[in-house]
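K.L.:
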Amino acid sequence: MLGKMLENVKNNHPLIHNITNYVTVNDCANIVLACGASPIMSDDIGEVCEITSICSGLNINIGTLNSNTIPSMKAAGKKANELGHPVLLDPVGAGASSLRTNTACALLDEIRFSVIRGNISEIKTLAGASAKTSGVDADESDAVNENSLESTVNLAKKLSSRTGAVIAITGAVDIIADSEKAYIIRNGNPMMSRITGTGCMLSAMTAAYIAANQDNMLEAAAAAVCAMGLCGELAFERLSERDGNSSYRNYIIDEIYNLTPEKLEKGAKYEIK
Amino acid sequence: MLGKMLENVKNNHPLIHNITNYVTVNDCANIVLACGASPIMSDDIGEVCEITSICSGLNINIGTLNSNTIPSMKAAGKKANELGHPVLLDPVGAGASSLRTNTACALLDEIRFSVIRGNISEIKTLAGASAKTSGVDADESDAVNENSLESTVNLAKKLSSRTGAVIAITGAVDIIADSEKAYIIRNGNPMMSRITGTGCMLSAMTAAYIAANQDNMLEAAAAAVCAMGLCGELAFERLSERDGNSSYRNYIIDEIYNLTPEKLEKGAKYEIK
Amino acid sequence: MLGKMLENVKNNHPLIHNITNYVTVNDCANIVLACGASPIMSDDIGEVCEITSICSGLNINIGTLNSNTIPSMKAAGKKANELGHPVLLDPVGAGASSLRTNTACALLDEIRFSVIRGNISEIKTLAGASAKTSGVDADESDAVNENSLESTVNLAKKLSSRTGAVIAITGAVDIIADSEKAYIIRNGNPMMSRITGTGCMLSAMTAAYIAANQDNMLEAAAAAVCAMGLCGELAFERLSERDGNSSYRNYIIDEIYNLTPEKLEKGAKYEIK
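Chains as they are written, first to last, in this note's numbering: chain Z, 0 to 272; chain B, 0 to 272; chain Y, 0 to 272.
#1: Which same chain residues end up closer than 6 Å to Ala219 of chain B when comparing Cβ atoms and leaving out the 5 residues on each side of it in sequence?
#2: Pick out whichever of Z:Ile61, Z:Arg237 and Z:Ile184 has its Cα sitting closest to the Cα of Ile271 of chain Z.
#3: Tell me, please, whether the CB atom of Val31 of chain Y is closer than 8 Å to any CB atom in chain B?
#4: Looking at the C-beta of Asp141 of chain B, does it have a partner C-beta in chain Z at a distance below 8 Å?
#5: May I ask which residues mark the beginning and end of the beta strand (DSSP E) holding Met190 of chain B?
#6: Judging by CA-CA distance, which residue of Z:Asp177, Z:Ser150, Z:Val172 and Z:Asn25 is the nearest neighbour of Thr162 of chain Z?
#7: Is it buried or exposed, Glu121 of chain Y, if we count other Cβ atoms within 10 angstroms and call 16 or more buried?
#8: Beta strand (DSSP E) containing Pro38 of chain Y: first to last residue?
#9: Based on the DSSP output, what are the partners of Glu270 of chain Z in its beta bridges?
#10: Where Glu264 of chain B and Met0 of chain B are concerned, what is the direct C-alpha to C-alpha distance, given to the nearest angstrom?
#11: For Phe112 of chain Y and Gly127 of chain B, I'd like the C-alpha separation in whole angstroms.
#12: How should Asn249 of chain Y be labelled, buried or exposed, when 16 other C-beta atoms within 10 angstroms of its C-beta is the threshold for buried?
#13: Does the beta carbon of Pro38 of chain Y come closer than 8 Å to any beta carbon on chain Z?
#14: Report the residue ranges of all beta strand (DSSP E) runs contained in full by the stretch 54-138 of chain Z; include only those spanning at least 3 residues, in chain order.
#15: Quick one: is Ser145 of chain Y buried, meaning 16 or more other Cβ sit within 10 Å of its Cβ, or exposed?
#16: Assuming the contact rule is C-beta atoms closer than 8 Å, Ile204 of chain Y and Val31 of chain Y should be a hit. Round their C-beta distance to whole Å, please.
#17: Taking 8 Å as the CB-CB limit, is Leu14 of chain Y close to chain Z?
#18: Mind pulling the chain B residues with CB within less than 7 Å of Ala306 of chain Z?
#19: Considering Cα atoms alone, identify which of B:Ile15, B:Cys230 and B:Gly266 is closest to Asp253 of chain B.
#20: Which one of Y:Ala28, Y:His84, Y:Cys27 and Y:Cys34 has the shortest CA to CA distance from Asp214 of chain Y?
#21: Given 8 Å as the limit, is there contact between the stretch 138-157 of chain Z and the stretch 97-107 of chain Z, that is, 3 or more CB pairs closer than that?
#22: Return the Cβ separation of Ile274 of chain Z and Val86 of chain Z in integer angstroms, given the expectation that the two are a contact with Cβ distance under 8 Å.
#23: Mind checking if Gly76 of chain Y is an interface residue toward chain B, Cβ cutoff 8 Å exclusive?
#24: When you compare the CB positions of Arg116 of chain Y and Leu57 of chain Y, do they come within less than 8 Å of one another, or not?
#25: Determine the closest residue to Glu179 of chain Z out of Z:Ala167, Z:Gly187, Z:Lys156 and Z:Ile166, with distance taken between C-alpha atoms.
#26: Do you know offhand how far Gly228 of chain Z's Cα is from Pro260 of chain B's?
#27: Going by C-alpha distance, which of Y:Gly2, Y:Cys27, Y:Glu6 and Y:Lys9 is nearest Gly196 of chain Y?
#28: Between Z:Arg237, Z:Ala167 and Z:Ser159, which lies nearest to Cys225 of chain Z when the distance is taken from Cα to Cα?
#29: How big is the Cα-Cα spacing for Asn17 of chain Y and Ser41 of chain Y?
#30: Which chain Y residues are close to Gly127 of chain Z, counting only those with a beta carbon under 7 Å from its beta carbon?
#31: Should Gly62 of chain B and Val114 of chain B be called a contact, given that it needs their Cβ atoms to be closer than 8 Å?
#32: Looking at the structure shown, is Asn17 of chain Z part of a helix, part of a strand, or coil, going by DSSP?
#33: Along chain Z, which residues have their Cβ under 7 Å away from the Cβ of Ile53 of chain Y?
#34: Counting only runs of 4+ residues fully inside the stretch 136-174 of chain Z, write out the alpha helix (DSSP H) ranges in chain order.
#35: Which residues of chain B have a Cβ atom closer than 7 Å to the Cβ of Ser66 of chain Y, listed in chain order?
#36: I'd like to know if Thr19 of chain B contacts chain Z, where contact means its C-beta is closer than 8 Å to some C-beta of that chain.
Structure below.
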């Protein structure tokens, strides 16, 4: 089932419009290409509506938010809504500044998102729950563990119900939920948090997966999260003694490039709740 | 002959001013260093004229065009023209939005370019021919093949005649032409299209080649295109089973770093028409 | 002693606010993670004060200076001063344009820096000495060698005395000085100048070192410079025949990831003057 989601990306190679940060943008472009889709980055208000019109999906990431691109995010999001294109929100650092929190909330008000993907602190911020954000990383006190799993699944389902979006909370354990059903995913490797942009890359790739599987957003998002985690595991196995986080980043993208529907199907570790 | 072009880059190590997109800018800087030149990136209207004055060449790339940098592109281009410095245009995504098409055309009106490098869809857009741009990639219906080769060579020569610039159309087959003479280049590997920025990197490197070979722009541009394609071939040979597009990107830049005039001379595959 | 500085980074993993250029920002983020700290990039005037408040250190880099971010640099710097957070300045390309020189001087006037790190041409420009900047690289005529070492140490001590900041002049030989004491460091490899961003990466990492060692800024900065140079040496040893500057960049970050206090202590090559 999850393998089929990847197969559809490779067959349809959707064009994905990214309005994203300048820190991890190159990795986002390369991972979108690696999974079989095509990226275009564009954030000027003078062209975002046209660009999103020729694409199959839109990825909005507030990682280096600035006042020029907020109107672009809103305009592109509305146009994508109008055209029925899937739209993903990555609320990077929501909770770390009022600008980020307020912008994420304003985007939620004005745009219907298909998927919202963030770490637990960011998602709690959007849910209006008390959260502690440490910059762009989740705060340790928020970490999802076996004890907090059930309550986090409920939080995700509730936020999904309120927003209409699939909610993807990623961390040591990942929760991908709509209002009724949740995938609990246990792929991944702790070293992924020592690379900048694993979250951003996952969001860009998830946008490609949902664009190629528009009738099946929940499974598509779950497949993308499993793919990222699985490739994090495979890339970790490949590390030699002298490799560090820079080589690890390259190996993860390489593994995404070499991932097949069969490997994904076989390597995905999840349960449904 | 083409080897000599590279030798001149390595001996003169020209400083190249880049006004470029934030997606591939790091790769552009590293490939300019790899080939023996030096990059400086600067796009603020408050300094672009001064910066371009201390450089030997200017590379203008509209990959993430925004309204702030359009005046900078124009000002820097005019200053470079005034000083007699070679200027290259990479019209990334021309045809994909009015902003890109109109800006590319306005730049063509106001600045004399030494080289214009793009994919076939972008160049057709500039030539006023009907083209179909799929985001930042050439559309399949536009692809240059043996059947369309002659007509594409004619299109390039005509556009060169109109603009005074060497026209470089890159893809599976590359055509580098002035108004009278065209290099048909058959270096490269299809996997190069699975990396973001091979086009941008080639443009930045071409700016270095023409800056170091100002009396011989056509051969300089042809040499840069052969160098990129050849290094794409060599890097492909180096790939192990687990490597993907991220490692491939690194290997291409590495091969440019290790490329010698002799290797280029020997590996270049071209005919002249 | 220098090993202890790294140990403190690894134990405290400080969060570092970076207002930096879009060329090398990804490498800066990854090297900050590699050394054991966490990066956040943020440059919008609407959030920089809040962001810097949740961080332990601030890194200001003028590599792709633009008029929007200058007020952000000033606001964040003043806020960091107010909170007693260490602030580092990397005056990339000071001397190459009036905008860069004037902005660097204005920042020096308005903000108390803990460390200023640049190449010799940039530091001479700030010191008001006659300097010749070749873009973002030091000019050869300015290069620090055994003959000019003593005068350069004096220049660094004087500038430190005037500004209150530790001065880090990096190149073939590195000089890290406060008003009374200077570390002369001889780690490194010439190939480091063939990668974009070794200077930027060092600045970002130095911000992490000083944030974790606020009582000992001089030693912390010296330790960061030794760490970068040592990892440049180790990464160079790892190069295979086909590797070039792109792999070298990855290997340097990898070596920083694997660097231990013991390895740093043992590999650091310095004398104190």
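Cβ coordinates follow ideal geometry from the N, Cα and C atoms, glycine included.
P.N.:
Looking at the coordinates:
#1: Met4, Tyr208, Ile209 and Asn212
#2: Z:Ile184
#3: no
#4: no
#5: Here Met190 of chain B belongs to no beta strand (DSSP E), and DSSP marks it neither H nor E.
#6: Z:Asp177
#7: buried
#8: Ser37 to Met40
#9: Z:Ile183
#10: 7 Å
#11: 54 Å
#12: buried
#13: yes
#14: 56-60, 86-89 and 114-117
#15: In the sequence under discussion, the amino acid at residue 145 of chain Y is Glu, which differs from the Ser named in the question. It counts as exposed.
#16: Note that residue 204 of chain Y is Met in the sequence shown here, rather than Ile. Sure, about 6 Å apart at Cβ, within 8 Å.
#17: yes
#18: Nothing in the structure corresponds to residue 306 of chain Z, since chain Z is present only between 0 and 272.
#19: B:Cys230
#20: Y:His84
#21: no
#22: What the structure shows of chain Z is the stretch from 0 to 272, and residue 274 of chain Z is not part of that stretch, so it cannot be assessed.
#23: no
#24: no
#25: Z:Lys156
#26: 44 Å
#27: Y:Cys27
#28: Z:Ala167
#29: 7 Å
#30: Correct list: empty, because the minimum Cβ distance to chain Y is about 19 Å.
#31: no
#32: strand
#33: Ala95 and Gly134
#34: 148-162
#35: Asp43 and Gly45
#36: no
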